[in-house]
């Protein structure tokens with residue numbers, strides 16, 4: 348008989364966040380979570396099984412929007428609990444990018460560049 352020791356994976360933290368433009372924010376608000384995720388992964392060229400999460404925000408100018416948080420984690424049929432780290436003051440504790448949606452967006456390339464720079 349073999350004894351297996353369970354070791355928890357630990358917290359799954361984000362690689363980056365992307366602030367959506369107002370038009371995409373309105374579109375996402377009108378769709379359910381699953382369709383929103385599928386649509387944005389195609390639009391932003393995010394791998395199909397990469398974990399992402401949506402988070403509503405209000406900035407310091409009282410503008411509201413949606414932040415897409417992208418994790419360095421790939422999931423199968425079930426999605427794990429994804430943390431959204433914040434400081435004590437309520438600020439997000441990871442890099443957030445504004446993307447020019449008038450050009451072609453490929454977030455997988457951006458993630459690879461970030462990984463290379465952090466090594």
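Numbering (the numbering used here), first residue to last: 348 to 466.
Positions of the beta carbon are idealized from the N, C-alpha and C atoms, including for glycine.
These numbers come from a predicted model, not from an experiment.
- Annotation: residue 443 to residue 420 spans about 18 Å, alpha carbon to alpha carbon.
- Per the C-alpha coordinates, the member of 363, 368, 414, 422 positioned closest to residue 397 is 422.
- For the pair of segments examined, the segment 449 to 461 was found to touch the segment 384 to 400: the number of CB pairs separated by less than 8 Å reaches three.
- If one requires a minimum length of 3 residues, the beta strand (DSSP E) runs lying completely within the segment 382 to 415 are 397 to 405, in chain order.
- DSSP places residue 443 in the uninterrupted beta strand (DSSP E) bounded by 443 to 445.
- In the three-state DSSP reduction, residue 454 falls in the helix class (H, G or I).
- The Cβ neighbour count for residue 371, taken over all protein chains shown within 10 Å, is at least 16; the residue is labelled buried.
- In the structure shown, residue 460 adopts helical secondary structure according to DSSP, grouped into three states.
- The C-alpha of residue 383 is placed about 6 Å away from the C-alpha of residue 375.
- Scanning its chain for C-beta atoms nearer than 6 Å, with the 5 sequence neighbours on each side dropped, one finds around residue 411 the residues 405, in chain order.
- Scanning 429, 399, 358 for the CA closest to the CA of residue 417 turns up 399.
- In the DSSP assignment, residue 374 falls within the unbroken alpha helix (DSSP H) covering 369 to 376.
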